[in-house]
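Input: a single structure, listed below in structure tokens.
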């Protein structure tokens with residue numbers, strides 16, 4: 001389910017939204033490099049979450065933060081995460097619906113950050129929607145466990161547990177963003193996954 005077997009042209013054709021998300025993040029990483037690297041100014045200039053600026057009307061930052069990152073390590077950690085977990089859901093939902101769900105989870109996570117944290121510097125990263133993807137998988141594993149191979153269920157649960165252990169142990173991580181994305185993915189899932197026959201076909205394919 002999670003193993004990438006397609007060549008590059010086939011991957012782009014099958015998963016255009018996943019490719020677009022990773023492509024935008026990569027372009028912003030390159031632009032950040034030419035602007036002098038990751039720092040408070042470049043993160044803010046490239047659409048990072050900033051509570052004061054949002055309160056002044058720059059509400060687009062509730063979405064654009066999800067395509068930038070805080071460091072090169074942050075970028076290279078998140079991109080495999082997005083590549084692995086986006087593909088099956090884009091295949092199940094279709095590209096347009098998956099894109100809408102990704103936007104929703106990005107905004108949901110940033111709204112939780114906005115109202116439940118006072119992070120002192122601009123924030124950026126795809127972890128919020130990434131944890132939203134994990135929330136969707138957890139919902140599916142709990143409700144449709146018979147449709148997942150054992151190793152896929154084990155992988156999802158293990159990755160989720162390890163992700164939250166890292167969330168609470170590593171300094172500087174936006175706990176509210178991770179929890180917000182995760183909860184947003186769970187809350188969205190009952191409205192998204194209604195056709196069990198299509199779900200079974202897509203997961204097993």
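Numbering (full-length UniProt numbering), first residue to last: 1 to 205. Glycine included, each C-beta is placed from N, C-alpha and C at the ideal position.
Since residue i sits in a beta bridge, which residues does DSSP pair it with?
i          : result
residue 49 : 123
Residue i to residue j, Cα distance in whole Å?
i           : j           : result
residue 90  : residue 110 : 22 Å
residue 220 : residue 152 : The structure shown does not extend to residue 220, since the chain spans only 1 to 205, so no value can be given for it.
residue 182 : residue 7   : 31 Å
residue 59  : residue 94  : 28 Å
residue 133 : residue 190 : 14 Å
residue 119 : residue 130 : 19 Å
residue 56  : residue 64  : 16 Å
residue 45  : residue 2   : 35 Å
residue 38  : residue 74  : 11 Å
residue 176 : residue 4   : 31 Å
residue 54  : residue 20  : 25 Å
residue 123 : residue 23  : 20 Å
Should residue i go down as buried or exposed, given a rule of 16 or more other Cβ atoms within 10 Å for buried?
i           : result
residue 50  : buried
residue 136 : buried
residue 161 : exposed
residue 41  : exposed
residue 26  : exposed
residue 251 : Only positions 1 to 205 of the chain appear in the structure, and residue 251 is not among them; the question remains open.
residue 72  : exposed
- [ ] Could you name each continuous alpha helix (DSSP H) segment of 4 residues or more that falls completely within the stretch 5-52, going from the start of the chain to the end?
- [x] 8-14, 16-34 and 40-45
TODO: Please go through the UniProt domain "Peptidase S54 rhomboid" (56-194) and give each complete alpha helix (DSSP H) segment of 4 or more residues, from N-terminal end onward.
DONE: 61-64, 72-93, 95-116, 127-143, 150-169 and 175-192
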